[in-house]
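In this note's numbering, the protein residues as written are 35 to 520.
For each residue, glycine too, the CB sits at the ideal point set by N, CA and C.
These notes are about the structure you will find just below.
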Amino acid sequence: MNEFLDPLVLARWQFGLTTLYHFIFVPLTIGLSLLVAILQTVWVRTGKVKYLKLTRLFGKIFLINFAMGIVTGIVQEFQFGMNWSNYSRFVGDIFGAPLAMEGLIAFFFEATFIGLWIFGWDKLPKKIHLMTIWFTWLGTTISAYFILAANAFMQNPQGFEINAEKGRAELVDIGAVLTNPIALGQFPHTIFAAVMFGGTVIVAVAAWHLKRNQYVDEMRTALRFGAWANILAFVGVGLTGHTLGMTMTQAQPMKMAAAEALYNNASGADASFSLFSLGTPDGAHEIFSVRIPYLLSFLSNGTFDGSVEGIRDLQSTYEQMYCSGADTLLTCPSDGQFAPVIWITYWSFRWMIGLGFLAALVSAVGLWITRKNTELPNWVWKVAIWTAPIPMLGSLIGWIFTEMGRQPWIVFGVMTTEQGVSPGVPGWAVLVSLVVFTLVYGALAVVEFKLIFKAAKEGLPEIEHLPGEGGEGTGEPDQQQLATVY
35 MNEFLDPLVL
45 ARWQFGLTTL
55 YHFIFVPLTI
65 GLSLLVAILQ
75 TVWVRTGKVK
85 YLKLTRLFGK
95 IFLINFAMGI
105 VTGIVQEFQF
115 GMNWSNYSRF
125 VGDIFGAPLA
135 MEGLIAFFFE
145 ATFIGLWIFG
155 WDKLPKKIHL
165 MTIWFTWLGT
175 TISAYFILAA
185 NAFMQNPQGF
195 EINAEKGRAE
205 LVDIGAVLTN
215 PIALGQFPHT
225 IFAAVMFGGT
235 VIVAVAAWHL
245 KRNQYVDEMR
255 TALRFGAWAN
265 ILAFVGVGLT
275 GHTLGMTMTQ
285 AQPMKMAAAE
295 ALYNNASGAD
305 ASFSLFSLGT
315 PDGAHEIFSV
325 RIPYLLSFLS
335 NGTFDGSVEG
345 IRDLQSTYEQ
355 MYCSGADTLL
365 TCPSDGQFAP
375 VIWITYWSFR
385 WMIGLGFLAA
395 LVSAVGLWIT
405 RKNTELPNWV
415 WKVAIWTAPI
425 PMLGSLIGWI
435 FTEMGRQPWI
445 VFGVMTTEQG
455 VSPGVPGWAV
465 LVSLVVFTLV
475 YGALAVVEFK
485 LIFKAAKEGL
495 PEIEHLPGEG
505 GEGTGEPDQQ
515 QLATVY
């Protein structure tokens with residue numbers, strides 16, 4: 035019973051579940067805002083009404099998702115004070131800075147321009163109105179960068195010093211926090227992954243209508259547009275992921291060792307990457323695996339003859355660094371183990387890569403078989419529809435890898451997770467809030483899905499007249515959809 039009501043375990047579950055739930059909406063917001071901006075740009079440049087219709091359809095889906103992201107994101111910051119007060123007190127001076135910048139700069143920036151975009155269809159010149167959606171996308175990406183900079187501090191703390199007298203970490207260089215190598219690597223990787231998600235949602239909506247032979251010309255254009263976005267973004271995900279992997283190896287070598295379940299140092303051909311592996315129950319010994327020689331060395335160092343540190347050697351090194359000395363309360367785990375849960379880190383790394391590859395593969399096949407205007411069997415459209423959540427699952431699993439691979443640290447090398455939890459919050463209180471959040475978020479998920487499905491099912495809007503030509507028709511539907519969202 036005591037383990038069931040352990041505040042640390044429950045607090046980790048609560049933050050993990052609410053964070054992953056919130057992140058369902060974040061990449062779709064980032065990805066769709068860019069793709070909607072591109073569609074509107076094509077309409078402004080070509081004057082083809084089908085691009086305006088596609089802009090309005092996927093813009094509506096974007097707005098629904100944006101509103102839900104706001105609702106679920108507010109809870110995140112409150113949890114730092116509720117369940118992680120020791121962490122907030124110790125590093126809040128540094129961690130809070132990029133979060134404050136995100137709220138005061140990026141959020142208000144994107145909120146201003148999204149309002150102009152919603153209500154400005156008949157009130158702004160076409161090119162000025164087009165700028166508002168591009169600025170909206172810019173605001174979402176800036177917001178993402180500040181959040182990633184805060185997370186990067188937890189992965190690779192920089193720009194601070196410990197004030198021994200006050201017993202807390204203090205910010206000394208905001209520039210170092212905002213230019214953390216982990217943040218610089220995570221940012222493009224996250225943005226490209228978001229575009230993949232946005233692209234597959236466009237593909238799924240288009241496939242749903244093509245399956246029913248509706249809006250054939252417009253939806254065929256949308257499907258190929260979304261598929262190309264997915265493939266190009268996947269290339270970006272791969273390139274930036276490799277760069278991030280090398281940066282991660284330098285900052286958190288234990289995470290890379292755990293990602294391969296590598297217990298002993300290896301180099302060259304021995305630093306291989308296992309596509310599939312079976313091991314003993316404790317994970318310490320391999321029974322069978324399918325391996326690619328040299329690949330782990332390349333992923334970690336960018337060369338085929340580099341060395342990769344193993345879990346056992348890193349464990350010994352960390353014991354000397356963080357568990358020896360007079361003051362090790364914040365840096366030495368109670369069980370003395372510095373490796374994360376190996377099977378979670380190992381398999382999440384592979385599922386993240388595999389799901390991204392699968393989504394890109396489906397899009398590539400889709401582009402090939404739709405290159406001609408020929409009838410296709412229904413199963414083709416069903417596959418396209420069910421591809422939509424694959425990049426989302428890949429992103430969620432990627433964050434599981436990122437955060438679980440950081441354990442046992444809440445701030446790497448500075449504070450362990452068990453030291454960051456709130457000391458005065460009983461387990462039953464965390465459990466109650468966990469259950470409530472789960473139920474509320476489950477209800478919100480149903481609402482979100484129904485709203486998006488309804489918007490997608492309604493299809494392309496009727497355009498009575500083009501924006502900017504006078505009249506009252508084009509601005510009103512967006513006001514109605516905003517009222518529906520909120």
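By the neighbour-count criterion, in which 16 or more other beta carbons inside 10 Å mark a residue as buried, G275 falls on the buried side.
Bounds of any beta strand (DSSP E) do not take in N298, whose DSSP letter is neither H nor E.
Going by beta carbons, A398 and I236 fall outside the 8 Å limit.
Classified as buried, N214 has 16 or more neighbouring CB atoms from the shown chains inside 10 Å of its CB. Inter-residue distance for W420 and G103 is about 22 Å (C-alpha atoms, whole angstroms).
With three or more CB-CB distances shorter than 8 Å, the segment 422-442 counts as touching the segment 376-394. Straight-line spacing of the CA atoms in F180 and L68 works out to 18 Å.
Under the criterion of beta carbons closer than 8 Å, P61 and A228 qualify as touching, at roughly 4 Å. In its chain, beyond the 5 residues on either side, I419 have a beta carbon closer than 6 Å to the beta carbon of W242.
Note that the segment 323-333 does not touch the segment 344-361; fewer than 3 beta-carbon pairs, one per stretch, sit closer than 8 Å.
DSSP, read as helix, strand or coil, puts S306 in coil.
Assigned with DSSP and collapsed to three states, W118 falls in coil, not helix or strand.
At a Cβ-Cβ threshold of 8 Å, G233 and A256 do not count as neighbours. Taken atom to atom, the span from the alpha-carbon of G340 to that of D304 is near 10 Å. The Cβ-Cβ distance between M288 and F372 falls below 8 Å. For Q192 and A479, the gap between their C-alpha atoms comes out near 37 Å. When DSSP states are grouped into helix, strand and coil, V271 belongs to the helix group. The count of Cβ pairs closer than 8 Å, one atom from the segment 109-127 and one from the segment 443-451, reaches three, so the stretches are in contact. For E195, no alpha helix (DSSP H) segment is defined; the enclosing uninterrupted segment is the beta strand (DSSP E) at 194-197.
About 5 Å separates the CB atoms of A184 and L133; that is less than 8 Å, so the two are in contact. Scanning the segment 128-174 for uninterrupted alpha helix (DSSP H) segments of 4 residues or longer gives 142-153, listed from N- to C-terminal end. Across the structure, E199 and L39 are spaced so that their CA atoms are roughly 34 Å apart. Between I139 and V211, the C-beta spacing is not below 8 Å.
For R202, the enclosing beta strand (DSSP E) covers residues 202-205.
Straight-line spacing of the CA atoms in D361 and V206 works out to 23 Å. DSSP lists V445 as the bridge partner or partners of M449.
The beta carbon of G219 sits closer than 6 Å to the beta carbons of T277, L278, T281 from its chain, once the five residues preceding and following it are set aside; these are given in chain order. Judged by their CB atoms, I376 and A261 are not nearer to each other than the 8 Å cut-off.
A straight-line Cα-Cα distance of about 35 Å links E409 and I225. Out of V250, I486, F383, the CA that lies nearest to the CA of K406 is found in V250. I326 has F307 as its beta-bridge partners, per DSSP. The continuous stretches of alpha helix (DSSP H) do not include E343, and DSSP gives it neither H nor E. Cβ neighbours of L468 within its own chain (closer than 8 Å, five residues either side excluded): L44, W47, Q48, L51.
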